[in-house]
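Taking it in order: structure first as structure tokens, then the write-up.
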Amino acid sequence: MPGTPVNNATPDERKLNFWERLYLPEIFKGLGYSASKMSLDSYAFEYPEEQWYPPDSYRGRPVLVEEQGRPRCVSCGLCARSCPPLAISMQAHEVHDDIKEREPEWFEINMLRCIYCGFCEEVCPEEAIVMSKEYDLTFQTRDEAHFGLDKLLVPKARLQDRLDFLERRRNGQPAGDWQHKPENNVHTLRNRLDYVARVEDAVAEADEADPAEPLAEDVEA
Ligand code: SF4
Ligand code: SF4
């Protein structure tokens, strides 16, 4: 049985005039606009000869921060837990020569699964995994897309742009009346090297200002 035609037009819909109903004037207007832009310089990059250097806010492939020759990561597993496509896997092991106590024995990101969402960077308490500016990844096989520590570790100096960006953007508060204090972060290891250096300086200054009383046996001697 044929249905009843429904008129979906809203009551205040504008009526097209004669020229608009012809469509051709609008098409020629569009062609004219395109032609006027053809004389301008090209916006396109001559990739790959010409490379694009993204801004600090760009989310390229996730990488691990390497600090003093070892990963900053403490293998807490938060990034793997928060990764929507389950692209991250790792195994922790204990370390005894550093205050952080745990490090990844192996760490792997399946780049065929990664969707560049940045959640891993977002949740990492140590700023140990960050989104880099690398965007041109190619693989010949599926195995090549499994990035281990050898491909993931990037020296901190090369990621300084992103780390500075995170410090600026993460520590800002909407209310604007709260100032980030680095000393509040001592529960994390993110700034542990700076923190240890600051404590040592403070102790040295205190010693200079108020040298310890000589011991009794020193006085007698
Ligand atoms: S960027 Fe997103 S998808 Fe990629 S590893 Fe991090 S959390 Fe997973
Ligand atoms: S969240 Fe950060 S510290 Fe924790 S396992 Fe991931 S990269 Fe390492």
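First residue of the sequence shown: 1395, per our numbering; consecutive thereafter. Think of the CB as a built atom: it goes at the ideal place given N, C-alpha and C, for glycine as much as any other residue.
1) Assuming H1540 contacts E1497 under a Cβ cut-off of 8 Å, what Cβ separation, rounded to an integer in Å, is found between them?
2) Find the nearest neighbour of E1488 within the set F1422, W1500, P1478, judged by alpha-carbon distance.
3) Secondary structure at Q1697, three-state DSSP: helix, strand or coil?
4) With a Cβ-Cβ cutoff of 8 Å, do R1453 and L1531 count as a contact?
5) Assuming the contact rule is C-beta atoms closer than 8 Å, L1557 and V1524 should be a hit. Round their C-beta distance to whole Å, please.
6) Is it true that the CB of P1478 sits closer than 8 Å to the CB of C1341?
7) Does the distance between the C-beta of P1456 and the nearest non-hydrogen atom of ligand 1 fall short of 7 Å?
8) Taking the straight line between their C-alpha atoms, what separation do you get for P1449 and P1549?
9) For A1486, does the three-state DSSP call read helix, strand or coil?
10) Among N1504, L1472, K1423, which one has its Cα closest to the Cα of E1516?
11) When the Cα of M1484 is compared with those of R1475, D1492, H1490, D1491, which residue comes out closest?
12) Straight-line CA distance for P1419 to S1428?
13) Once the 5 residues before and after E1461 are set aside, which same chain residues still bring their CB inside 6 Å of it?
14) Does the distance between the C-beta of S1476 and the nearest non-hydrogen atom of ligand 1 fall short of 7 Å?
15) Would L1480 be called buried (16 or more neighbouring beta carbons within 10 Å of its own) or exposed?
16) Should C1470 be counted as a contact of ligand 3 given a C-beta to heavy atom distance under 7 Å?
17) Taking the beta carbon of P1465 as the centre, do at least 16 other beta carbons fall within 10 Å, making it buried, or is it exposed?
18) With C-beta atoms as the reference, is K1494 less than 8 Å away from V1457?
19) In whole angstroms, what is the alpha-carbon distance linking R1415 and F1422?
20) Strictly by DSSP, which residues pair up with F1541?
Taking the structure as given:
1) Against the sequence shown, residue 1540 aligns to sequence position 146. Against the sequence shown, residue 1497 aligns to sequence position 103. Their Cβ separation, rounded to whole angstroms, is 20 Å, which puts H1540 and E1497 out of contact at 8 Å.
2) Within the sequence shown, numbered from 1, the residue matching residue 1488 stands at position 94. With distances taken between Cα atoms, E1488 lies closest to W1500.
3) Within the shown structure, residues of the chain are numbered from 1395 to 1615, placing residue 1697 beyond reach of any answer.
4) One-based indexing of the sequence shown puts residue 1453 at position 59. One-based indexing of the sequence shown puts residue 1531 at position 137. No. Outside cutoff.
5) Taking the sequence shown and counting its residues from 1, the one referred to as residue 1557 is at position 163. Taking the sequence shown and counting its residues from 1, the one referred to as residue 1524 is at position 130. 7 Å between Cβ atoms; contact.
6) Any question about residue 1341 goes unanswered here, given that the chain covers just 1395 to 1615.
7) Along the sequence shown, read from residue 1 onward, the residue named residue 1456 stands at position 62. Correct: P1456 has its Cβ closer than 7 Å to ligand 1.
8) Locating residue 1449 in the sequence shown gives position 55, where the first residue counts as 1. Locating residue 1549 in the sequence shown gives position 155, where the first residue counts as 1. So the two alpha carbons sit approximately 19 Å from each other.
9) Counting from 1 along the sequence shown, the entry for residue 1486 is found at position 92. In this structure, DSSP gives A1486 an extended state, which the three-state scheme calls strand.
10) On the sequence shown, position 122 is the one that residue 1516 refers to. E1516 has its Cα closest to that of L1472, out of N1504, L1472, K1423.
11) Sequence index remark: in the sequence shown, residue 1484 carries index 90 (1-based). Taking only the C-alpha atoms, the option nearest M1484 is R1475.
12) Locating residue 1419 in the sequence shown gives position 25, where the first residue counts as 1. Locating residue 1428 in the sequence shown gives position 34, where the first residue counts as 1. About 14 Å.
13) For the purposes of this step, residue 1461 is taken as the residue at position 67 of the sequence shown. The answer, listed in chain order, is K1550.
14) Against the sequence shown, residue 1476 aligns to sequence position 82. At least one heavy atom of ligand 1 is nearer than 7 Å to the Cβ of S1476, so yes.
15) As a first step, residue 1480 is located in the sequence shown; it is residue number 86 there, counting from the start. By the neighbour-count rule (16 or more Cβ atoms within 10 Å), L1480 is not buried but exposed.
16) Annotation note on ligand 3: not contained in the displayed structure, which lists ligand 1 and ligand 2 as its ligands.
17) Taking the first residue of the sequence shown as 1, we reach residue 1465 at position 71. With 16 or more other Cβ atoms within 10 Å, it is buried.
18) If you number the sequence shown from 1, residue 1494 lands on position 100. If you number the sequence shown from 1, residue 1457 lands on position 63. Cβ distance not < 8 Å, so K1494 and V1457 don't count as in contact.
19) As a position in the sequence shown, residue 1415 is number 21, starting the count at 1. As a position in the sequence shown, residue 1422 is number 28, starting the count at 1. Distance between the alpha carbons of R1415 and F1422 is about 14 Å.
20) One-based indexing of the sequence shown puts residue 1541 at position 147. Bridge partners of F1541: I1503.
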